[in-house]
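Visitor:
Numbering (the numbering used here), first residue to last: 6 to 83.
(1) Please classify residue 24: is it buried, with 16 or more other beta-carbons within 10 angstroms of its beta-carbon, or exposed?
(2) For a minimum of 4 consecutive residues, which ranges assigned as the alpha helix (DSSP H) are wholly contained in the segment 38-62?
(3) Just confirm the distance between the C-beta atoms of residue 60 and residue 9, as a whole number of angstroms; I'd bet it's less than 8 angstroms.
(4) Tell whether a beta-carbon distance below 8 angstroms holds between residue 14 and residue 42.
(5) Could you tell me the boundaries of the alpha helix (DSSP H) in which residue 70 lies?
(6) Can you find a heavy atom of the ligand NAP that lies under 7 angstroms from the Cβ of residue 27?
(7) So which of 81, 64, 73 has the shortest CA-CA distance to residue 37?
(8) Can you tell me which of the three DSSP states residue 11 falls into?
Below you can see the structure in the form of structure tokens.
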């Protein structure tokens, strides 16, 4: 296990909270609340971006939000 994962606010929470159906806005909102106060949020997000995670809430961001972030980074790098 990567060191930062052991420090995540999500540790011990139900994994279903972070991997609910895409149209389950209640679960997404609840998962993002957990992420909002997480000390390793940035590491989590960067790992998800590097791994191109296609599902779940990572670092407080949904798959759609992460795709937008990656597109924006590619445009800025060009």
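We put the CB at the ideal spot given by N, CA and C, even for glycine.
Guide: According to the data block:
(1) By the 10 Å Cβ count, residue 24 comes out exposed.
(2) 46-56
(3) No, residue 60 and residue 9 are not in contact; Cβ-Cβ is about 20 angstroms, not under 8 angstroms.
(4) Result yes, Cβ atoms of residue 14 and residue 42 sit closer than 8 angstroms.
(5) 68-82
(6) With respect to the ligand NAP, the structure shown offers nothing to examine, as it has no ligands at all.
(7) 64
(8) When secondary structure is reduced to three states using DSSP, residue 11 falls in the helix class.
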